[in-house]
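The structure under discussion appears below in the form of structure tokens.
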Amino acid sequence: NALEAARLYAEAFPNRRQPDRRTFIRIHQRLRENGSFAHQRRPGRPRSIAPDLEERVLERVDINPGTSTRRIAMQERISASSVRRILHRALLYPYHIQRVQGLKNTDFLLRL
3 NALEAARLYA EAFPNRRQPD RRTFIRIHQR LRENGSFAHQ RRPGRPRSIA
53 PDLEERVLER VDINPGTSTR RIAMQERISA SSVRRILHRA LLYPYHIQRV
103 QGLKNTDFLL RL
């Protein structure tokens, strides 16, 4: 019962803002329909990237890790967000190495 759930919530969390009973009704419906509290995927065009394109992007990054996502996007004629999505799925993240100090041969002994 949604009213009972709202009452129990109010007792357990008296200092918080109380959700409307319809919130509990929606949560219960979602749990019944999906078997989970998570939102169901929305209909529409799926985000799909061709496997060969994904390979080419990852190969470009492998060859030159310093290449920007925008440059790869221009070269492959895809959006920069698609490049970032491919990198993210491969657990890679765009970054640029910035050298702050130059090391000299004499610095080697000092670093030991």
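When we follow our numbering, the leftmost residue of the sequence shown carries the number 3, and every step to the right adds one.
Idealized CB from N, CA, C, for every residue including glycine.
Beta-carbon spacing of residue i, residue j below 8 Å
i   : j   : result
A75 : V85 : yes
I99 : L60 : no
R47 : F39 : no
Candidates the options, of which the one nearest residue i by Cα
i   : options                : result
A4  : F26, R44, I65 and Q77  : F26
S81 : I51, I65 and Y97       : I51
P67 : Q103, G46, L94 and R44 : L94
V96 : L111, R72 and P45      : The question names Val, but residue 96 is Pro in the sequence shown. Nearest option by C-alpha distance: R72.
Any C-beta of chain D under 8 Å from that of residue i
i   : result
G68 : You won't find chain D in this structure, because it holds only one protein chain.
Residue i - containing alpha helix (DSSP H), residue span
i    : result
R23  : R23 to N36
R49  : Note, R49: premise wrong, no alpha helix (DSSP H); not H, not E.
R79  : Segment: none, R79 is in no alpha helix (DSSP H) and carries neither H nor E.
F39  : Neither: F39 is in no alpha helix (DSSP H) and is coded neither H nor E.
F121 : Limits of the chain in this structure are 3 at one end and 114 at the other, which puts residue 121 out of reach.
L112 : D109 to R113
- Task: Evaluate the contact criterion for the stretch 17-33 versus the stretch 49-68: three or more CB pairs, one atom per stretch, below 8 Å.
- Result: no
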